[in-house]
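K.L.:
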Amino acid sequence: MTESTNRSQRRLPEPIIALGNILAFLMRSPTSAFGLIVLSILIITAIFAPLVATHDPYVQDLNITLQAPGVGHLFGTDELGRDIFSRLVWGSRITLTIIFLVSIVVGPIGLLVGTTAGYFGGRLDTVMMRITDIFLSFPSLILSLAFVAALGPSLNNAIIAIALTSWPPIARLARAETLTFRKADYIAAARLQGASSLRIIIKSIVPMCLPSVLIRLTLNMATVILTAAGLGFLGLGAQPPMPEWGAMIATGRRYMIDSWWLVTYPGVAILSVSLAFNLLGDGLRDALDPKQMNRR
Amino acid sequence: MIRRPSFYGAMSQIGTIAVTLLGLLVLTFFIGRLMPADPVRAIVGEDATRETYDQVFLALGLDRPIWEQFLLYLGDVLTGNFGTSIRTGKPVIDDILHVMPATIELATFAILIGASLGVTMGVIAAVNKDRWPDHLVRVFSLFGHSMPIFWTGMIALIVFYAHLGWVGGSGRMSQFYIGMIPDRTGFLLIDSLLAGDMDVFYSAINHLILPASLLGYSSSAYITRMTRSFMLDQLGQEYVTTARVKGLSRNQTIWRHAFGNIRVQLVTIVALAYGSLLEGAVLIETVFAWPGFGQYLTSNLIIGDMNAVMTCVLIVGVIFIGLNLLSDLLYKLFDPRTR
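These protein sequences, in sequence, are chains L and A. One rule links them: number in the working numbering = place in the first sequence (from 1) + 2. One rule links them: number in the working numbering = place in the second sequence (from 1) + 1394.
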């Protein structure tokens, strides 16, 4: 075991080894392994959607509407005769797009606001944290609803609304982290060497905040998925005929008593992905942040 | 001398709340202005003459600079004028006050269920840390936290209403009883008891139990997690060991000593969880056709009545801030160390 690790250390760059170690750690716990596997399936399905799907997700066939799951149509067909399995497969691309776009917007904004407020302190800190508090005084779904209502319902607007409402927790966390080592010797040393504030924040503070921000981002993704699905369900997110999972549940609602498969499978998909992010975030917390191991 | 810090503390807290409330108003004001649709057209309709249009345009104050418009909005809100609903023609605030009891009834039942479930599971998990009950509780509560509640609501309706027939379907009571009870408080359970009509009371309970349980379950994840970590803090302390060494039973140590010390923290957590229930309530009310605040909000979103929507959002914000404040106050009231 140690021998093989030593050998691979000689060959591979350090980040890849670190990633390997984290993955190995995660796979040891059954719950985070489940999270990891579900998310891998999601990513692979999204990339190879045209190969995985058995039918065209948009083609209607009014001869075979509302067919129960069986051979030919694995998860049955919907009210327009579209194959539900294929729609779910293509829907994974929408889910992944939402997650990806929200993370690349929310992570940097949250980090920037939080570290700047924490590093400079004083009035800037007060003002920035007040603004953060105002956003935090709404449940995220309600605020997203308000934004989408103003911007008009569409998938893009839903993503914008979700991004606008999910940076504050990240900013709060980054600020709290920054405060703990703002006065550290190595920051003072960097300042004495003449490094600018921007350089100190980017080079010395942001890397220290990254692990906890990544954990938080992972846990937040569970909420993001649910909010996006909720918006889709209320008809404010992705619009028909797009195979978004929340919207699929909304249209299936009318037929749910007789044709349970219309709402069941999309719901299971949302639940699995959201649960996977929660479990993975929990596992990451143990892997990256040993000091929190005892107080989950 | 002794009073000073608490006086300053109170003043600065009031200041903070005032600033947050103002920020809330700025936010709702600007979200309202984001709207791509023309607010004047929404009122006068497509066929209005140029004169009518201009008249309404001026009446709405749209010709003035943006900060003046904000001050007008602020004045309106402070005097309780939230505008008129497009659909009902009544003041928005009256409509909201009318639907609020239904949501409070639902949320209160939900929090009772969620708190008892969450606290029990949290204590069990803490006492059995890293053993199978702990893992079981963790997965069970994460499950509740991960489920899309509108979907779980539908599945529960299919199973418990359509197939098993154990509970009532959507709405607050059976169609049959609607209009039979005089509307005094708006809380159906209280109204039916006041009228002495037990049939309606049971019908109401029957309709309430399923959505309230689902909401409670989804909110229990947070309560469980916090209870567990509070309990772990207490169980790790020396007085617990001392109590055990002195011969106190395990159950007495856990429930009387350790749990006794976390009650105050739990009250504050439950107050915060109550606020986040509103989010789930919006979705669950849509699924269960529950004539409350959430359904009012979503039905107005669909017809694009921004007055109603923004007032709803504002009210949720105010409730949230209020609950935060309440949880702070409760903490100060019950915990002698903070005095």
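Note that CB positions come from ideal geometry on N, CA and C, so glycine has one too. Since the structure is predicted, the reported quantities are computational estimates derived from the model, not experimental observations.
For the region 1683-1698 of chain A, which residues have a CB atom closer than 9 Å to at least one CB atom of chain L, in sequence order?
P.N.:
Residues Leu1691, Thr1692, Asn1694, Leu1695, Ile1696 and Gly1698.
K.L.:
Using 10 angstroms around the beta-carbon of His1557(A), count the other beta-carbons present and answer buried if the total reaches 16, otherwise exposed.
P.N.:
So His1557(A) counts as exposed.
K.L.:
In chain order, which continuous runs of the alpha helix (DSSP H) of length 4 or greater are located wholly inside the region 1679-1708 of chain A?
P.N.:
Complete alpha helix (DSSP H) runs here, min 4: 1687-1697.
K.L.:
Using 8 Å as the threshold, is the region 224-238 of chain L in touch with the region 98-108 of chain L, meaning 3 or more CB pairs across them?
P.N.:
Yes, the region 224-238 of chain L touches the region 98-108 of chain L.
K.L.:
Along the alpha helix (DSSP H) that carries Thr1502(A), what are the first and last residues, could you check?
P.N.:
Element bounds for Thr1502(A): Val1486 to Val1521.
K.L.:
Rounded to whole angstroms, what's the CA-CA distance from Leu53(L) to Trp92(L)? Just pull it up for me.
P.N.:
Going from the Cα of Leu53(L) to the Cα of Trp92(L) covers about 10 Å.
K.L.:
Counting only beta-carbon atoms, is Ala152(L) nearer than 8 Å to chain A?
P.N.:
True, the Cβ-Cβ gap to chain A drops below 8 Å.
K.L.:
Quick one, which residues of the region 119-141 of chain L are near chain A if we go by CB-CB under 9 Å, in chain order?
P.N.:
Correct list: Arg132, Ile133, Asp135, Ile136, Phe137, Leu138, Ser139, Phe140 and Pro141.
K.L.:
Anything in the region 19-36 of chain L with a Cβ closer than 7 Å to a Cβ of chain A? List those residues in chain order, please.
P.N.:
Listed by position, the residues of the region 19-36 of chain L near chain A (Cβ gap below 7 Å) are Thr33.
K.L.:
Looking at the ligand MN, does it come within less than 7 Å of Ile161(L), judged from the CB to the closest heavy atom?
P.N.:
This structure lacks the ligand MN, and indeed carries no ligand of any kind.
K.L.:
Flag this pair as yes or no: are the beta carbons of Thr253(L) and Pro245(L) separated by less than 8 Å?
P.N.:
In this structure, Pro245(L) does not lie closer than 8 Å to Thr253(L) by Cβ.
K.L.:
Please name the residue in Arg95(L), Leu236(L) and Ala289(L) whose C-alpha comes closest to that of Pro59(L).
P.N.:
Among Arg95(L), Leu236(L) and Ala289(L), the Cα nearest to that of Pro59(L) belongs to Arg95(L).
K.L.:
Residues in the same chain with beta-carbon distance under 6 Å from Pro268(L), minus the five sequence neighbours each way, listed in chain order, please.
P.N.:
The answer, listed in chain order, is Trp247, Met250 and Ile251.
K.L.:
Check whether the region 1710-1722 of chain A and the region 1528-1542 of chain A are in contact - that is, three or more C-beta pairs closer than 8 Å.
P.N.:
Flag = no, the region 1710-1722 of chain A and the region 1528-1542 of chain A do not touch.
K.L.:
Identify whether Thr1478(A) lies in helix, strand or coil by the three-state DSSP scheme.
P.N.:
Strand at Thr1478(A).
K.L.:
Suppose you measure from the CA of Ile144(L) to the CA of Leu1421(A); what does that come to, to the nearest Å?
P.N.:
Their Cα atoms are separated by approximately 13 Å.
K.L.:
For the alpha helix (DSSP H) holding Tyr1611(A), just list the boundary residues, first then last.
P.N.:
Element bounds for Tyr1611(A): Met1592 to Leu1629.
K.L.:
Suppose contacts are defined by Cβ-Cβ distances below 8 Å. Is Leu1418(A) in contact with Ile133(L) by that definition?
P.N.:
Cβ distance not < 8 Å, so Leu1418(A) and Ile133(L) don't count as in contact.
K.L.:
Identify each residue in the region 269-291 of chain L for which the Cβ-Cβ distance to at least one residue of chain A is less than 7 Å, and report them in chain order.
P.N.:
Going along the region 269-291 of chain L in chain order, one finds Gly269, Ile272, Leu273, Ser276, Leu277, Asn280 and Leu281 with a Cβ nearer than 7 Å to chain A.
K.L.:
In or out: Arg201(L) buried (at least 16 other Cβ within 10 Å) or exposed?
P.N.:
With fewer than 16 Cβ atoms within 10 Å of its Cβ, Arg201(L) is classed as exposed.
K.L.:
Taking 8 Å as the CB-CB cut-off, is Met258(L) touching chain A?
P.N.:
Yes, contact with chain A.
K.L.:
Looking at C-alpha atoms only, which residue of Asn1655(A), Ala1683(A) and Ala1665(A) is the closest neighbour of Asp1729(A)?
P.N.:
Per the Cα distances, Asn1655(A).
K.L.:
Helix, strand or coil, according to DSSP, for Thr99(L) in the structure here?
P.N.:
Residue state, collapsed to three classes: helix.
K.L.:
Considering only the beta carbon of each residue, do Phe87(L) and Thr117(L) sit closer than 8 Å?
P.N.:
No.
K.L.:
For the region 232-264 of chain L, list every residue whose C-beta sits within 8 Å of some C-beta in chain A, in sequence order.
P.N.:
Cβ contacts with chain A: Gly232, Phe235, Leu236, Gly237, Leu238, Gly248, Ile251, Arg255, Met258, Ile259 and Trp262.
K.L.:
Between Leu1642(A), Val1434(A), Ala1667(A) and Gly1477(A), which lies nearest to Thr1446(A) when the distance is taken from Cα to Cα?
P.N.:
Nearest of Leu1642(A), Val1434(A), Ala1667(A) and Gly1477(A) to Thr1446(A), Cα basis: Val1434(A).
K.L.:
Since Leu44(L) meets chain A, which of its residues come closer than 9 Å, beta carbon to beta carbon?
P.N.:
Per Cβ cutoff of 9 Å: no residues; Leu44(L) is ~14 Å from chain A at best.
K.L.:
Counting only beta-carbon separations shorter than 8 Å, does Ile1487(A) have a partner in chain L?
P.N.:
Not closer than 8 Å to any Cβ of chain L, the Cβ of Ile1487(A) fails to qualify, so no.
K.L.:
Using a Cβ cut-off of 7 Å, pull out every chain A residue sitting near Ala224(L), in sequence order please.
P.N.:
Those within 7 Å of Ala224(L) in chain A are Ser1540.
K.L.:
Note down the Cα distance separating Leu273(L) from Leu1609(A), rounded to an integer number of angstroms.
P.N.:
When rounded, the distance between both Cα atoms is 16 Å.
K.L.:
Can a CB atom of chain L be found closer than 8 Å to the CB of Val1703(A)?
P.N.:
Chain L contact via Cβ: present.
K.L.:
For Leu1727(A) and chain L, any beta-carbon pair shorter than 8 Å?
P.N.:
No - not a single Cβ of chain L is within 8 Å of the one on Leu1727(A).
K.L.:
Which residue or residues does DSSP assign as beta-bridge partners of Asp1528(A)?
P.N.:
Looking at the DSSP assignment, Asp1528(A) forms no beta bridge with any residue, so it has no partner.
K.L.:
Is it the case that the region 1519-1530 of chain A contacts the region 1585-1594 of chain A, given that we only count it when at least three CB pairs across the two stretches are under 8 Å?
P.N.:
The region 1585-1594 of chain A vs the region 1519-1530 of chain A: no contact.
K.L.:
Any Cβ of chain A within less than 8 Å of the Cβ of Thr117(L)?
P.N.:
Chain A contact via Cβ: absent.
K.L.:
DSSP beta-bridge partners for Thr79(L)?
P.N.:
According to DSSP, Thr79(L) bridges with Asp85(L).
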